[in-house]
Amino acid sequence: MPPAAATPAELDALQAQLTQRLLESGEWDRIKFVLAAKLNDSGWTDDMRNRSKERARTIEPLSFNALLEEMLPPAQTSIPLAIRRDVIALIRGYIDQQIE
Amino acid sequence: MNGIQGCPHIAALVGLGDLASGPLRKFQEVVAWEARRAQQAKTVGATRKKVSIPFCSTCKVPLPRPFVCLHCSYAGCWRSGHVSEHLQESQHIFCADVTTGSIFCSECKDFIYHARVDELYRAAVVTEEEKQTRFQVAKKPRERFQSWVPTAHDVVALENAATIPCQRRRGLLNLGQTCFMNVVLQCFIHNPLLRNYFLGDKHNNRQCKIEEDCTCCEMDKLFAEIFSDEPTAFGPVTFLVTTWRKSTELAGYQQQDAHEFFISTLNNIHSSSRGSTNISCNCIVHSTFAGQLQSDVVCERCGNETSTVDPMLDISLELRGKPGEVLAGENTLTTCLKRYTQREKLGSKQYSCSKCGKSGQEASKRMSIRKLPPVLSFQFKRFEHKGDKSVSRKIDTRVRFPAILDMAPFTTHVMKNAEKENSNGSMSAYPGPITMYEYDLFAVINHEGQINNGHYTNYARYEDEWYRFDDDKVTAASLGSVLASPAYMCFYVKRHLDYKPYTTPSYVLKRENEVAREKEIEREKELSSIKELEDALLATV
Numbered sequence: 001m002p003p004a005a006a007t008p009a010e011l012d013a014l015q016a017q018l019t020q021r022l023l024e025s026g027e028w029d030r031i032k033f034v035l036a037a038k039l040n041d042s043g044w045t046d047d048m049r050n051r052s053k054e055r056a057r058t059i060e061p062l063s064f065n066a067l068l069e070e071m072l073p074p075a076q077t078s079i080p081l082a083i084r085r086d087v088i089a090l091i092r093g094y095i096d097q098q099i100e
Numbered sequence: 001m002n003g004i005q006g007c008p009h010i011a012a013l014v015g016l017g018d019l020a021s022g023p024l025r026k027f028q029e030v031v032a033w034e035a036r037r038a039q040q041a042k043t044v045g046a047t048r049k050k051v052s053i054p055f056c057s058t059c060k061v062p063l064p065r066p067f068v069c070l071h072c073s074y075a076g077c078w079r080s081g082h083v084s085e086h087l088q089e090s091q092h093i094f095c096a097d098v099t100t101g102s103i104f105c106s107e108c109k110d111f112i113y114h115a116r117v118d119e120l121y122r123a124a125v126v127t128e129e130e131k132q133t134r135f136q137v138a139k140k141p142r143e144r145f146q147s148w149v150p151t152a153h154d155v156v157a158l159e160n161a162a163t164i165p166c167q168r169r170r171g172l173l174n175l176g177q178t179c180f181m182n183v184v185l186q187c188f189i190h191n192p193l194l195r196n197y198f199l200g201d202k203h204n205n206r207q208c209k210i211e212e213d214c215t216c217c218e219m220d221k222l223f224a225e226i227f228s229d230e231p232t233a234f235g236p237v238t239f240l241v242t243t244w245r246k247s248t249e250l251a252g253y254q255q256q257d258a259h260e261f262f263i264s265t266l267n268n269i270h271s272s273s274r275g276s277t278n279i280s281c282n283c284i285v286h287s288t289f290a291g292q293l294q295s296d297v298v299c300e301r302c303g304n305e306t307s308t309v310d311p312m313l314d315i316s317l318e319l320r321g322k323p324g325e326v327l328a329g330e331n332t333l334t335t336c337l338k339r340y341t342q343r344e345k346l347g348s349k350q351y352s353c354s355k356c357g358k359s360g361q362e363a364s365k366r367m368s369i370r371k372l373p374p375v376l377s378f379q380f381k382r383f384e385h386k387g388d389k390s391v392s393r394k395i396d397t398r399v400r401f402p403a404i405l406d407m408a409p410f411t412t413h414v415m416k417n418a419e420k421e422n423s424n425g426s427m428s429a430y431p432g433p434i435t436m437y438e439y440d441l442f443a444v445i446n447h448e449g450q451i452n453n454g455h456y457t458n459y460a461r462y463e464d465e466w467y468r469f470d471d472d473k474v475t476a477a478s479l480g481s482v483l484a485s486p487a488y489m490c491f492y493v494k495r496h497l498d499y500k501p502y503t504t505p506s507y508v509l510k511r512e513n514e515v516a517r518e519k520e521i522e523r524e525k526e527l528s529s530i531k532e533l534e535d536a537l538l539a540t541v
């Protein structure tokens, strides 16, 4: 039997509940650790650090928000697909355990 | 400072003094809370306990990355703007990102920096970490870090000291194919532990009792030159001469191997250090570079495991696997380390088991790092030697290395835990906080060209800025160019130093003994000359 479609409010509530469980069980930290390690190993972290720093030298006027606005889109798109896939799989694995 | 204005609001707050300032006290509490929470999150998975987490005071969602107001109990989301709204509405100025300790000023509308806040952040984090770690061997807690507070004597000395401007980034003149020496010297100059030791006057070349060829004195003179007010390039002539005399294999005007010079100089510094010993030495070289490697050999037949521990000053990494080995992906420092610490089969002729008594057994060996040194030096074995010292060729393969290195997966303790729990790469296998295993890159030695007519250059970092050193030419560089360079050696320094329970260093004990003995000899001389005088007087009576 196909599941009934959830309203946006229900999805928000579900996401909040899952986030809470992830945080309280420490699973959030474990997954974040794996993500950070993979990103660093792939050179992504150093690349972003370098690009942000060099951009910050020339951006005018310099502010965190100005820099974030410029650097966030390329940061997100340059995440290697394999890493994105692996971490999503970890999150999905946890969610599957939590939901009947 | 180049016309960059700091945030006047945080400056005013800092001016009130740490303890008087509520927001700064709250800042430290919040940072300490996060360090405790992170540690708890590591271990809670195995139990049914829950980590207590904050929720956004505005929208009630759980906060993976809380921003807390430093003036009240508000905590909120950054991305949806709730914490900014709170600051505006309640006219509170500062909020802090708990994860990184960054402070946002609502007046300046930006994240701000203040050196004192940075100090408070690190002090709060390190204090928490000290509580969370015990020494594996003695099960004693770490020595608490204490900031340096000048004594009355120090204050007077500082007041009477003249401050001089110094560039601190000085090139080194090439004295004739000596770039191999210059790059290693620059890596010493930018090594925080060596720098602090020699600038701290721990080996004063004018008071040293060694008459000639003291490499420690040469280091002292080198640091004095670099930190002088002379900005032009410096020629390390006496260093070179001393090197020729102490390490004759490096003498002569031809190009030498930088790694050989590195190891040779470390040995010379060690042997000219006061109080250095052959076992468990804590001279500046061993305190800085010495770690321990463990080699575990397992008999495939009976499972008997024998372990040997050897000291190490650096790690030399093969760039190529054994023939027939499948290399995964690109060549990186991490893959080299994985290769270094993987289990390998020993030939049946190489091993005979002490337990099951059979010789010619199948056995496997595994290397791991038992003790991590404060400074980790890596050499990529680029020069293939054939039999005698002659080099056949250079391996030019590029190796990618990171600015931040987590050494935990290569330590004996974590590797054994990981084997037991069958959890690869899991942080719950790390005893103690993760920063204990984290290293930051601070220098890279590059070699370009062929073996016999190549050139050495290096990159080195001071705080956050990287520089390229090509003998006498020093230029600003980006992290990107450092990480793309053809690395031969890489130097990493531990993020936080961990101090074991205090024991008086051997060189201090030795000096105290010497002083005590000299006093004793003086006393005896005095007594015997008094006695002579008395005898002479009695003789005249």
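Just so you know, the sequences run in chain order A and B.
FYI, UniProt numbering numbers position 81 of the first sequence as 81, with every residue one higher than the one before it.
FYI, UniProt numbering numbers position 317 of the second sequence as 317, with every residue one higher than the one before it.
Don't be surprised by glycine CBs; every beta carbon is placed ideally from N, CA and C.
In terms of beta-carbon proximity, A/E70 stays away from the interface with chain B, with every pair separated by 8 Å or more.
Residues of chain B whose Cβ lies closer than 8 Å to the Cβ of A/L11 do not exist; the shortest such Cβ separation is about 13 Å. Between B/V125 and B/I103, the C-beta spacing is not below 8 Å. Residues of the region 13-25 of chain A with a C-beta atom less than 7 Å from some C-beta of chain B are A16, T19, Q20, L23, E24, S25, listed in chain order. Here B/V117 carries a helix assignment [DSSP, helix/strand/coil].
Where B/F145 is concerned, there is no enclosing alpha helix (DSSP H), because DSSP gives it neither an H nor an E. DSSP places B/D154 in the uninterrupted alpha helix (DSSP H) bounded by 152-160. For B/R206, DSSP assigns no beta-bridge partner whatsoever. For B/H190, there is no enclosing beta strand (DSSP E), as DSSP gives it neither H nor E. In the three-state scheme derived from DSSP, where H, G and I count as helix and E and B as strand, B/Q40 is classed as helix.
Here B/R343 is actually not in contact with B/S368; their C-beta atoms are around 10 Å apart, not less than 8 Å.
Residue-level contact by beta carbon holds for B/D406 and chain A, with a gap shorter than 8 Å. The straight-line gap separating the alpha-carbon atoms of A/E69 and B/C77 is approximately 17 Å.
The contact set of A/S63 on chain B, defined by CB atoms closer than 8 Å, consists of K109, D110 in chain order. Under the three-state reduction of DSSP output, B/F180 falls in the helix class. The shortest C-alpha to C-alpha distance from B/Y351 to any of B/E305, B/T178, B/Y499, B/T334 is the one to B/E305. Straight across, the Cα-Cα distance linking B/L87 with B/L24 is about 16 Å. Within the same chain, Cβ atoms closer than 8 Å to the Cβ of B/Q186 are found at L172, A443, N458, A460, F469, the five residues on either side in sequence being excluded. Taking C-beta atoms as the reference points, B/A41 and A/G26 count as a pair closer than 8 Å. Restricting attention to B/A123, B/R79, B/E107, B/P62, the CA atom closest to the CA of B/A32 is found in B/A123. In this structure, B/L13 is the residue among B/K50, B/L13, B/S377, B/F55 with its C-alpha nearest to the C-alpha of B/L70. Put simply, of A/I95, A/W44, A/K38 the residue whose alpha carbon is nearest the alpha carbon of A/P74 is A/W44. Going by beta carbons, B/I189 and B/I226 fall inside the 8 Å limit. Listed in chain order, the alpha helix (DSSP H) runs fully inside the region 450-517 of chain B are 479-483, counting runs of at least 4 residues. Taken through DSSP and simplified to helix, strand or coil, B/D97 comes out as strand.
Approximately 5 Å separates the beta-carbon atoms of B/Y74 and B/S57; this is inside 8 Å, confirming the contact. B/L376 sits close to B/Y439, with the two beta carbons spaced by under 8 Å.
Membership of B/C281 in any alpha helix (DSSP H) is not indicated, and neither H nor E is assigned to it by DSSP. In summary, no residue of the region 67-96 of chain A has a CB separated from any CB of chain B by less than 9 Å.
Taking the beta carbon of A/R49 as reference, the chain B residues within 8 Å of it are A403, L479, listed in sequence order. When DSSP states are grouped into helix, strand and coil, B/A251 belongs to the coil group. Only buried fits A/A37, as 16 or more other CB atoms lie within 10 angstroms of its CB. Per DSSP, B/N446 lies in no alpha helix (DSSP H); the unbroken beta strand (DSSP E) holding it starts and ends at 438-448. According to the DSSP assignment, B/C69 belongs to the beta strand (DSSP E) that extends over 67-69. A straight line joining the alpha-carbon of A/P8 with that of B/M415 spans about 45 Å.
B/M219 places its beta carbon 8 Å or farther from that of B/F378.
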